[in-house]
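Have a look at the structure below, then the notes.
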Amino acid sequence: MGALQDAFGVRGDRNRSKLADQLKKMVRGGQLIKNRRGEFCLVAKLDLIAGTAIGHADGFGFVRPDSDADDVYLSATQMRSIFHGDRVAIRIIGKDRRGRQEGRLVEVLERTVTEVAGQFIRERGIGILIPDNPKIAHRILIAKGSAGKAKHGDIAVARILDYPTHVEQATGEIVQVIGRPGEKGIATDIAIHAHGIPTDWPQAVSKQIKAFGEEVPEAAKKGRIDLRDIDLMTIDGADARDFDDAVYAEPSGKGFRLIVAIADVGHYVDDGSPLDKEAKRRSTSVYFPDRVVPMLPRVLSNGLCSLNPDVDRLCMVCEMRVGKDGKVSRAKFYEAVMRSKARLTYQQVSDFLSGHKKISVSAGVQKNLRHLHALYRLFANNRRRRGAVELDIPQARIHMGKDGAVKSISAGLRNDAHRLIEECMIAANVQAAKYIRKNRIPGLYRVHA
């Protein structure tokens, strides 16, 4: 890096940072490779292809080039020293018997696997970890005295000590015993380790969330529009564990006033804070049949940032006026404080709207549901007039037994309650997209026809 800075005459921290960013982009784009000595090499000059290794249970594999070219086949011999996910540099050596481009490993650029989950066994006194991930065909030799408390047959996690070569197997040490095969929750534990899903919070995050209580402080409500008297409510699946959006509609002129409220996560997660950095690292909450690994600590994800009923919550609001033609005539965004009047499920709302069942909610919430249903019909009619494609595809619902095994799979049927919420969310997102574009704010867009 220093030699490149001198060659290009780069001076100053800002320019050095720009050069580093450009080099990273060129590596990602497949124009450069960075070897383990930290040197940058022109791929075109070396006649090499840089990419990511993709393993197969039968031992062979492929390399997915950074340049988006077709995958290149690697024989089992070439894969001996590579783990699934490693970044490698290869050279094309011809075609295999099936006519695919075949490569030869030149260098491992980056090792991405540091720990492997699998089953620990002993064969003739030698400890071995068999990876649970079928794309890792290697067996990990557990060094003598490095098995810890693992017993034959245990599901465990091994830290890699020595990576495999063409002639030697990988070696490792047991760092965690997860449990025994068949135990409740063991499949989730294995998946969490196999995919590197973080479950512990950094110390800085734990320190930051100590400032949050169970209730919204009065000071945080000041300056916000008060919507606590409005019959906002959440409508989600029966198995939903947190509630991040609420809706309300009332007649206005010949159309409706629609309010879509979203939990104001940004109020609690400052840009660049430990919480923000950890949320970026996790990217999303991960839902398993028996638990959730949240993107944000539970004091936020299940507490302050979940629009639970009968408690004050901070929210961001998109308020819209919708005409009788189902088109939004105007919209505005603002910060508010709300209090959800009900937590309803799609099935409850569907049964109520169809007259099949009554629900134990206030008269105001029932009136809100009828208004939302009428508004949904306006949106749906406008959608049909536009000729928009409507893909009403049922979602598969997987039913699990108490032992964690799959009992059955059924089609999760959609009803007007699903469509009602979908139309309200799309309407709010369209207005958000228009706001972003009008104010020239960089953003990503998704076409909803």
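Take any residue in the sequence shown, count from 1 to its spot, add 878: that is its number in this note's numbering.
Cβ coordinates follow ideal geometry from the N, Cα and C atoms, glycine included.
Per DSSP, the unbroken alpha helix (DSSP H) holding Ile1087 starts and ends at Gln1081 to Ile1087. Pairing Phe938 with Lys1158, the inter-Cα distance amounts to about 34 Å. For Ser1228, the enclosing alpha helix (DSSP H) stretches over residues Tyr1224 to Ser1232. Under the three-state reduction of DSSP, Tyr1041 is assigned to coil, being neither helix nor strand.
When C-alpha distances from Ala1295 are compared across Gly977, Lys1280, Ala1311 and Ala1252, the shortest belongs to Ala1252.
Between Arg1261 and Glu1213, the gap from beta carbon to beta carbon reaches 9 Å or more. For the set Val950, Phe1257 and Pro1175, the Cα lying nearest the Cα of Lys1202 is the one of Phe1257.
Under the DSSP assignment, His1296 falls in the alpha helix (DSSP H) whose first and last residues are Asp1294 to Lys1316.
Three or more beta-carbon pairs drawn from the segment 1027-1039 and the segment 1056-1070 are found closer than 8 Å, and the two stretches are therefore classed as touching. The C-alpha of Leu1105 lies about 14 Å from the C-alpha of Pro1187. Two segments are said to touch when three or more pairs of C-beta atoms, one from each, lie closer than 8 Å; by this definition the segment 1041-1056 does not touch the segment 1131-1148. For Gly933, the pairing in a beta bridge is given by DSSP as Gly939. Secondary structure at Pro1012: coil, using DSSP grouped into helix, strand and coil.
Boundaries of the beta strand (DSSP E) harbouring Thr1049: Thr1049 to Gly1057, taken from the DSSP string. Pro1042 and Glu917 have their C-alpha atoms spaced approximately 23 Å apart. Here Ile1087 is not near Pro1172, since their CB atoms are 9 Å or more apart.
Relative to the Cα of Ala1118, the nearest Cα in the group Ala1082, Ala1241, Ser1184 and Ala1089 belongs to Ser1184. By the CB criterion at 9 Å, Gly981 and Leu952 fall inside the cutoff.
Taking each of Pro1152, Arg1017, Phe998 and Met1303 in turn and checking the Cα distance to Ile1137, the smallest one comes out for Met1303. The straight-line gap separating the alpha-carbon atoms of Asp1123 and Leu1110 is approximately 10 Å. Distance from the CA of Ser1288 to the CA of Gln1273, rounded to the nearest whole angstrom, comes to 8 Å. In the structure shown, the three-state DSSP call for Asp1120 is coil. According to the DSSP assignment, Asp1154 belongs to the alpha helix (DSSP H) that extends over Pro1152 to Arg1160. Boundaries of the alpha helix (DSSP H) around Leu1250: Ala1241 to Arg1264. Excluding its 5 nearest sequence neighbours in each direction, Ser1207 has C-beta neighbours in its own chain below 6 Å: Arg1199 and Gly1201, listed in chain order.
Using a 10 angstroms sphere on the CB of Ser1161, the tally of other CB atoms stays under 16, which defines it as exposed. Under the DSSP definition of a beta bridge, Phe1166 lacks any partner. Lys1099: not part of any beta strand (DSSP E); member of the alpha helix (DSSP H) spanning Glu1096 to Lys1099, first to last residue.
If you check the CB distance, Asp964 and Thr992 do not come in under 9 Å.
DSSP places Lys1202 in the coil class of the three-state scheme, outside both helix and strand.
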